[in-house]
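Have a look at the structure below, then the notes.
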Amino acid sequence: MAPISLADSLTEKLAAIVGPENVARTATDRLVYEVDAFTMAKQPPAAVVHPGSTEEVQEIVRLANREGIPFVARGAGTGLSGGALVHAGGIVISLTRMRRILDIDIRNRRATAEAGVVNLRLTQQVVGRHFHYAPDPSSQMACTLGGNVAENAGGPHTLKYGVTTNHLLGLKMVLGNGEILDIPGDTDEPAGYDLLGIIAGSEGTFGIVTEVTVRLTRLPEAAQTALVVFSSVADATRCVSDIIAAGVVPAALELMDATIIKSVEGAFHFGFPLDAGAVLMREVRVARDENERERLWMCRKKAVGTLGRIAPSHCTMDGVIPRSKLPDVLELIADVAERHNLLIANLFHAGDGSLHPLILFDERNPEEVERVQKAGGEVLKACVEVGGTITGEHGVGVEKLEYMRFVFSENDIDTMARIRDVFNPARLCNPDKVVPPAAGLLEQAEGVN
Ligand SMILES: Cc1cc2nc3c(=O)[nH]c(=O)nc-3n(C[C@H](O)[C@H](O)[C@H](O)COP(=O)(O)OP(=O)(O)OC[C@H]3O[C@@H](n4cnc5c(N)ncnc54)[C@H](O)[C@@H]3O)c2cc1C
């Protein structure tokens with residue numbers, strides 16, 4: 175009989191907690207968990223487990239602490255900065271079995287749900303009563319509420335409604351050491367420190383969120399979606415600043431450049447003008463009806479997926495800058511693309527100044543990957559130089575660890591590390607993310623390759 179490997183014995187211990195059918199048994203079953211939507215890094219997990227309750231999550235975290243094994247929470251794996259990548263030898267704790275909506279309280283405008291509930295499903299449950307869950311990442315058909323809290327996710331409607339933290343009322347969480355933190359969501363203004371504020375955006379480095387209580391928002395009485403065509407990205411971005419400066423705040427203000435328009439049109443045949451970029455203002459169109467409005471938004475929200483028509487891989491950068499700097503930084507991005515001989519498409523929440531340059535490449539070509547990394551770093555540095563920062567909504571993950579020093583001093587970083595250690599003292603919960611190691615140690619950091 176073959177000897178039982180360490181990974182096998184870990185899987186057996188996890189199976190004893192969640193039942194044998196809720197652990198991944200083979201390397202093939204675990205394959206999908208070695209990467210998330212940030213395609214530039216991979217790390218195979220030692221084990222993948224699918225708990226069904228807070229108590230099971232707690233047991234898994236206690237096991238990991240006893241044995242000194244790193245672990246990471248995973249929702250749908252749509253994260254764009256490698257946040258759900260596991261540390262070498264670690265356990266992926268997948269929340270997708272925890273997908274019950276526990277309570278919908280329209281009278282108090284709130285809902286409680288398990289962390290693995292898909293974002294859009296919550297809105298689908300309440301839309302018949304004229305409510306919705308306002309944070310709407312473009313990935314909302316797949317991403318989970320737990321992943322949204324961890325990344326403090328935004329979306330096209332952030333301009334009007336804000337990001338996840340503005341809608342988070344309470345949560346249940348298994349901390350890094352296995353203790354349970356329970357913040358009830360029954361009041362709008364809880365006493366004491368704003369723990370929700372610091373947990374939102376902590377990228378799974380504090381613990382594992384198992385339940386959330388969120389605000390439900392009344393649907394607007396009417397909505398119209400206009401498609402405005404410009405001759406150049408520069409004109410479009412100047413218009414964005416002008417609209418906001420004039421005191422008009424639309425619910426959403428999104429920008430697609432010529433590369434994206436062509437790619438989306440090729441996939442969905444909506445009727446986008448393929449010559450956009452050649453005419454200053456070709457048309458101002460108001461969606462004729464709800465059907466057209468929904469189709470237009472479908473094109474926007476599925477736009478990234480269509481880029482597979484142009485290149486096998488893409489890397490979505492995520493800088494945020496003052497709106498007035500959009501024209502300058504878009505010009506700089508074009509220059510970076512040219513210098514590194516790369517195609518960079520732009521699709522972003524322009525109203526928030528939240529940029530998403532999408533660098534198109536082929537991950538099988540290591541030399542090209544190197545150019546992508548250099549180009550990405552230059553773009554983020556430029557964002558910081560004009561008064562912005564390195565992530566608007568996709569998080570630091572592994573992608574931007576090194577770039578944290580563009581923005582924060584060693585003191586700032588040390589303060590963040592100490593806060594993380596309060597929640598996650600043994601640093602086994604999603605190690606080597608968000609907070610870069612002390613200066614000089616970055617290159618020696620082990621783990622995700
Ligand atoms: C096509 C596309 C469009 C996107 N558009 C947007 C957008 O408009 N706005 C936006 O903000 N983001 C967007 N994203 C990024 C991504 O969808 C969000 O960051 C989302 O919140 C991730 O959710 P997830 O469930 O997939 O989390 P994962 O990718 O599984 O995990 C992301 C991070 O959250 C942590 N995490 C997950 N679940 C938990 C939990 N229960 N407890 C603690 N930590 C947890 C993980 O450890 C990891 O660090 C987009 C991604 C894609 C692929």
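Quick note: the sequence shown uses this note's numbering, first residue 175, plus one each step. Where is the CB? At the ideal position from N, CA and C, for every residue including glycine.
Excluding five sequence positions before and after residue 565, the CB atoms of its chain that fall closer than 8 Å to its own CB belong to 255, 492, 493, 494, 574, given in chain order.
Bridge partners of residue 523 according to DSSP: 528. About 25 Å separates the beta carbons of residue 414 and residue 393, which is beyond the 8 Å limit, so they are not a contact pair. Using a cutoff of 6 Å, the CB of residue 227 does not count as near ligand 1, since none of the ligand's heavy atoms is closer than that. Beyond the five residues adjoining it in sequence on each side, residue 359 comes within less than 7 Å, by CB distance, of 284, 286, 343, 344, 387 in the same chain, given in chain order. Going by beta carbons, residue 594 and residue 581 fall outside the 7 Å limit.
In the structure shown, the three-state DSSP call for residue 286 is strand. The stretch 496-504 and the stretch 404-424 touch, with no fewer than 3 CB-CB distances between them shorter than 8 Å.
In the displayed model, residue 469 falls within a helix according to three-state DSSP.
CA-to-CA, the gap between residue 436 and residue 483 works out to about 10 Å. Around residue 548, the same chain offers 514 as residues with beta carbons nearer than 8 Å, after the five sequence neighbours per side are excluded.
Distances from the CB of residue 269 to the heavy atoms of ligand 1 include at least one below 6 Å. A straight line joining the alpha-carbon of residue 272 with that of residue 421 spans about 43 Å. The three-state secondary structure of residue 543, taken from DSSP, is helix. When distances are taken from the beta-carbon of residue 382 to the heavy atoms of ligand 1, the shortest one is below 6 Å.
Residue 190 has its alpha-carbon roughly 47 Å from the corresponding atom of residue 438. When secondary structure is reduced to three states using DSSP, residue 535 falls in the strand class.
Taken through DSSP and simplified to helix, strand or coil, residue 310 comes out as coil. Counting along the chain, no alpha helix (DSSP H) covers residue 315, and no H or E run does either. Residue nearest to residue 185 within the set 234, 211, 210 is 234 (criterion: CA-CA distance). By the neighbour-count criterion, in which 16 or more other beta carbons inside 10 Å mark a residue as buried, residue 510 falls on the buried side.
According to the DSSP assignment, residue 408 belongs to the alpha helix (DSSP H) that extends over 407-419. Spanning the alpha carbons of residue 521 and residue 506 requires a straight line of approximately 16 Å. Cβ contact annotation for residue 599 (same chain, cutoff 6 Å, sequence separation greater than five): 351, in chain order. In the three-state reduction of the DSSP assignment, residue 347 falls in the strand class. Taken through DSSP and simplified to helix, strand or coil, residue 320 comes out as helix. Per DSSP, the continuous beta strand (DSSP E) segment holding residue 248 begins and ends at 245-248. Here the alpha carbons of residue 269 and residue 315 stand approximately 16 Å from one another. Taking a cut-off of 8 Å on C-beta distances, the stretch 259-269 does not touch the stretch 359-374, as fewer than three cross pairs fall below it.
Comparing alpha carbon positions, the residue from 320, 214, 579, 366 closest to residue 228 is 320. Residue 232 holds the alpha-carbon nearest to the alpha-carbon of residue 354 among 216, 550, 232, 450. Distance from residue 250 to residue 318 at the Cβ level is roughly 5 Å; contact confirmed, criterion being Cβ atoms closer than 8 Å.
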